[in-house]
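Novice:
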Amino acid sequence: MPLVHDQEFDDSVVPGVALAAGNFDLVPPNGPGVLRLGGIVDASNVHVLSRIVDAAVRQGRGLVLDLSGVSFIDVAGLGVLYDAAVRLGARGVSVRLVAAPAPVAKVLEILGWHELASLEVEEALA
Amino acid sequence: MNDLVHPALVYSSDEDFLATNIPFLREGLGAGERTLAVTSRRNIGLLTDALGGDAAPVDFHEARDWLTTPWRALLAYRRYVNRHAGNDMRVRVIGEPFAPERTSAAAIEWTRYESMINIAFADLPLTILCPYDTRTLPAAVVDHALRTHPVVMDEAGIAPSPDFVDTRAFSAELDRIGLEEAPSRVAELPLNGSLDDVRRFVVEEARRAGVASDVLPDLTLAAHEIVTNARTHGRGRGVVRTWTAEQEFVCEVADTGPGMEDPLVGHVEPGEARTGGRGLWLARHLCDLVQVRSGPAGTVVRLHVALA
């Protein structure tokens, strides 16, 4: 799957890693600032997600990620989103995860990461 | 203030149970402490009758709902304390174990849990009294209580438990009980492929064995995290094996790495730093039972989930 990047993100970062993205895709279908993360996020590609999220954090913008298409994300992948929320939270903005699949929401709850004020988790409707 | 008090009470009658637990609860209520009693439905009835109108501020939960797995119980207690402690105010808990029919593997992990409380909650402003009913519990469970609790309590007060064993030593002792023999027929996958291959293997074997579809994502993530650990620390060599036994599906990850530095890793909630132990800790919450044996020859982790 090709990786399509949000034009508002740093072009020098995102297109350069598109080929290395492997098995997840990130597309902006729902208007500006909403990224849709889909597919699989694991050790093989977590660095790609990390660089994309870093670009958003450097710009100090809140991040909205639609997780409805995520079929698998591991703790390292979720950790990237959590770290971003910690860093953005310090600047008064947040990471919003929308349409999180139930297993992903459950893992965030077990880890206690859902209690971080700057990490908003909206579970997908069953 | 932030020091754990973890006494056992061994009792053999309703009168004995009330003679220690009622003053224990009243003392907490008098001090304005938040109080929680996790025990059987029957004992909840005894406590509420004895407390009368004073029972209202006490939170009651049935043990069978609260104590689903050792690690979920640890997390539930910790979250309860974090929510309700504060301003130099301690939390007071009655946590009564119960022993339904369990596999021997589960019984061992519940015994370890009793001792693990000493370390997992060492920094909490918590007093957790664990009553053991000699009428309903196996004798071995009652014997272990005196080894896993630093102090014992009865109506006369609190005193050191002469049989107490340090948690690390006790846990190591339990680890010397070997894992059950795997059946002769197992499905097997070497760990030299991709993580994607591992996840697909585990899902397919679990589905074939009859694991409920809503459990598959949890099991897959647990196996993935353990395999990630094995590949990171296991010198690259290892194997995943799966089988079914006693109404459960077992997924074993074995590596030939140097073993875990800290045998308590993944029992205690990891801190803020996203470092070692988080994957194992998470696996313990996602599965019905997790067994770990680790030494210089390698590490074996077994994930158990119930069949549908």
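Quick mapping for you: the protein sequence lines, in order, are chains A and B.
Heads up: the first sequence begins at 86 in my numbering, then just goes up one per residue.
Heads up: the second sequence begins at 2 in my numbering, then just goes up one per residue.
Ideal Cβ placement from N, Cα and C applies to all residues, glycine included.
Is there a Cβ from chain A that is less than 7 Å from the Cβ of H225/B?
Specialist: By one-based count along the second sequence, residue 225/B stands at place 224. Closer than 7 Å to some Cβ of chain A, the Cβ of H225/B qualifies, so yes.
Novice: Take D144/B and list the residues in its own chain whose beta-carbon comes closer than 7 Å to its own, dropping the five residues that flank it on each side.
Specialist: Counting from 1 along the second sequence, the entry for residue 144/B is found at position 143. Hits under 7 Å: none found.
Novice: Let me know the secondary structure DSSP gives M261/B once reduced to three states.
Specialist: Within the second sequence, residue 261/B is the residue found at index 260, counting from 1. Of the three classes helix, strand and coil, the one that applies to M261/B here is coil, per DSSP.
Novice: Whose CA, out of L150/A, G145/A, V138/A, lies closest to the CA of R176/A?
Specialist: On the first sequence, position 91 is the one that residue 176/A refers to. Closest option to R176/A, Cα to Cα, is G145/A.
Novice: Cβ of V1/B within 7 Å of Cβ of H85/B?
Specialist: What the structure shows of chain B is the stretch from 2 to 309, and residue 1/B is not part of that stretch, so it cannot be assessed.
Novice: Determine, using beta carbons only, whether L196/B comes closer than 7 Å to chain A.
Specialist: The residue you call residue 196/B lines up with position 195 of the second sequence. Yes, its Cβ sits closer than 7 Å to a Cβ of chain A.
Novice: Do the stretch 155-164 of chain B and the stretch 65-78 of chain B meet, that is, are 3 or more Cβ pairs less than 8 Å apart?
Specialist: At 8 Å Cβ cutoff, the stretches do not touch.
Novice: Is the closest heavy atom of the ligand ADP to the C-beta of T36/B under 6 Å?
Specialist: Within the structure as shown, the ligand ADP is missing, as the structure has no ligands at all.
Novice: Does the beta carbon of D139/A come closer than 7 Å to any beta carbon on chain B?
Specialist: Numbered from 1 along the first sequence, position 54 holds the residue referred to as residue 139/A. False, the Cβ-Cβ gap to chain B never drops below 7 Å.
Novice: With distances taken Cα to Cα, identify the nearest neighbour of V212/B among F250/B, R200/B, E181/B, R238/B.
Specialist: Along the second sequence, read from residue 1 onward, the residue named residue 212/B stands at position 211. Nearest option by C-alpha distance: F250/B.
Novice: For the beta strand (DSSP E) that contains R93/B, what are its first and last residues?
Specialist: Numbered from 1 along the second sequence, position 92 holds the residue referred to as residue 93/B. Note, R93/B: beta strand (DSSP E), 92-96.
Novice: Leaving out the 5 sequence neighbours to the left and right, which residues in its chain are closer than 8 Å to E207/A when beta-carbon positions are compared?
Specialist: Position 122 of the first sequence holds residue 207/A. Cβ within range, chain order: R181, L182, V183, A184, A185.
Novice: List the endpoints of the continuous beta strand (DSSP E) containing P132/B.
Specialist: Residue mapping note: residue 132/B aligns to position 131 of the second sequence, counting from 1. 127-134 is the extent of the beta strand (DSSP E) around P132/B.
Novice: Less than 7 Å separating the beta-carbons of H7/B and M117/B?
Specialist: Against the second sequence, residue 7/B aligns to sequence position 6. Against the second sequence, residue 117/B aligns to sequence position 116. Taking 7 Å as the Cβ cut-off, H7/B and M117/B do not qualify as a contacting pair.
Novice: What number of angstroms, rounded off, separates the C-alpha of P126/B from the C-alpha of S129/A?
Specialist: As a working note, residue 126/B is residue 125 in the second sequence. As a working note, residue 129/A is residue 44 in the first sequence. Taking the straight line from one Cα to the other gives about 42 Å.
Novice: Please list the residues of the stretch 117-129 of chain A that have a C-beta atom closer than 8 Å to any C-beta atom in chain B, keeping them in chain order.
Specialist: Listed by position, the residues of the stretch 117-129 of chain A near chain B (Cβ gap below 8 Å) are I125, D127, A128, S129.
Novice: Mind checking which residues open and close the beta strand (DSSP E) that includes D151/A?
Specialist: On the first sequence, residue 151/A is found 66 positions in, with the first residue counted as 1. From DSSP, the beta strand (DSSP E) with D151/A extends over 148-158.
Novice: So which of F157/A, I137/A, R136/A has the shortest CA-CA distance to A190/A?
Specialist: Position 105 of the first sequence, counted from the first residue, corresponds to residue 190/A. When each option's Cα is compared against that of A190/A, the closest is F157/A.
Novice: Name, going along the chain, the residues of the stretch 175-198 of chain A whose beta-carbon falls closer than 9 Å to a beta-carbon of chain B.
Specialist: Listed by position, the residues of the stretch 175-198 of chain A near chain B (Cβ gap below 9 Å) are P186, A187, P188, V189, K191, V192, I195, L196, G197.
Novice: Do we get a CB-CB distance below 7 Å when we pair V149/A with the residues of chain B?
Specialist: In the first sequence, counting from the first residue as 1, residue 149/A sits at position 64. Closer than 7 Å: no.
Novice: If you measure from the beta carbon of V131/A to each beta carbon in chain B, is any gap under 7 Å?
Specialist: Indexing the first sequence from 1 puts residue 131/A at position 46. No - not a single Cβ of chain B is within 7 Å of the one on V131/A.
Novice: Quick one: give me the first and last residue of the alpha helix (DSSP H) that L193/A is part of.
Specialist: As a working mapping, residue 193/A is identified with position 108 in the first sequence. It spans 187-196 - the alpha helix (DSSP H) in which L193/A sits, taken as one unbroken run.
Novice: V302/B and I227/B - do their beta-carbons sit closer together than 7 Å?
Specialist: For the purposes of this step, residue 227/B is taken as the residue at position 226 of the second sequence. For the purposes of this step, residue 302/B is taken as the residue at position 301 of the second sequence. Yes, the Cβ-Cβ distance between I227/B and V302/B is below 7 Å.
Novice: Do the CB positions of P151/B and Y12/B come within less than 7 Å of each other?
Specialist: The residue labelled residue 151/B in the question sits at position 150 within the second sequence. The residue labelled residue 12/B in the question sits at position 11 within the second sequence. No, the Cβ-Cβ distance between P151/B and Y12/B is not below 7 Å.
Novice: What are the start and end residues of the beta strand (DSSP E) that includes I159/B?
Specialist: By one-based count along the second sequence, residue 159/B stands at place 158. Segment 158-161, the beta strand (DSSP E) holding I159/B.
Novice: Beta-carbon separation of E115/B and T149/B under 7 Å?
Specialist: The residue labelled residue 115/B in the question sits at position 114 within the second sequence. The residue labelled residue 149/B in the question sits at position 148 within the second sequence. Contact flag set, yes.
Novice: Does the CB of V160/A have a neighbour CB from chain B at under 7 Å?
Specialist: Along the first sequence, one-based indexing puts residue 160/A at 75. It does; some Cβ of chain B falls within 7 Å.
Novice: Ordered along the chain, which non-local residues of its own chain (more than five positions away) have a Cβ less than 7 Å from that of F18/B?
Specialist: For the purposes of this step, residue 18/B is identified with residue 17 of the second sequence, where counting begins at 1. These residues qualify, in order along the chain: Y12, N44, L47, P132.
Novice: Tell me whether L308/B sits in a helix, a strand or coil according to DSSP, three-state version.
Specialist: Residue numbering aside, residue 308/B sits at position 307 when the second sequence is read from its first letter. Residue state, collapsed to three classes: coil.
Novice: Determine the contact status of T245/B and A210/B, defining contact as a CB-CB distance below 7 Å.
Specialist: Here residue 245/B refers to the residue found at position 244 of the second sequence. Here residue 210/B refers to the residue found at position 209 of the second sequence. In this structure, A210/B lies closer than 7 Å to T245/B by Cβ.
Novice: Less than 7 Å between C-beta atoms, sequence neighbours within five positions excluded: which residues of the same chain meet that for V165/A?
Specialist: Locating residue 165/A in the first sequence gives position 80, counting from the first residue. Only V131, L134, S135, V138 meet the Cβ criterion.
Novice: When burial is assigned at 16 or more other CB atoms within 10 Å of the CB, is A202/A buried or exposed?
Specialist: For this step, residue 202/A is matched to residue 117 along the first sequence. A202/A should be labelled exposed.
Novice: In whole angstroms, what is the alpha-carbon distance linking P259/B and A51/B?
Specialist: For the purposes of this step, residue 259/B is taken as residue 258 along the second sequence, with counting starting at 1. For the purposes of this step, residue 51/B is taken as residue 50 along the second sequence, with counting starting at 1. If you take the alpha carbons of P259/B and A51/B, they lie about 55 Å apart.
Novice: With a Cβ-Cβ cutoff of 7 Å, do I120/B and T168/B count as a contact?
Specialist: On the second sequence, position 119 is the one that residue 120/B refers to. On the second sequence, position 167 is the one that residue 168/B refers to. Contact flag set, yes.
Novice: Between the C-alpha atoms of A77/B and G239/B, what's the straight-line distance to the nearest angstrom?
Specialist: Indexing the second sequence from 1 puts residue 77/B at position 76. Indexing the second sequence from 1 puts residue 239/B at position 238. Approximately 34 Å between the Cα atoms of the pair.
Novice: Does chain A have any CB closer than 7 Å to the CB of G280/B?
Specialist: What you label residue 280/B is simply residue 279 of the second sequence in a count that begins at 1. True, the Cβ-Cβ gap to chain A drops below 7 Å.
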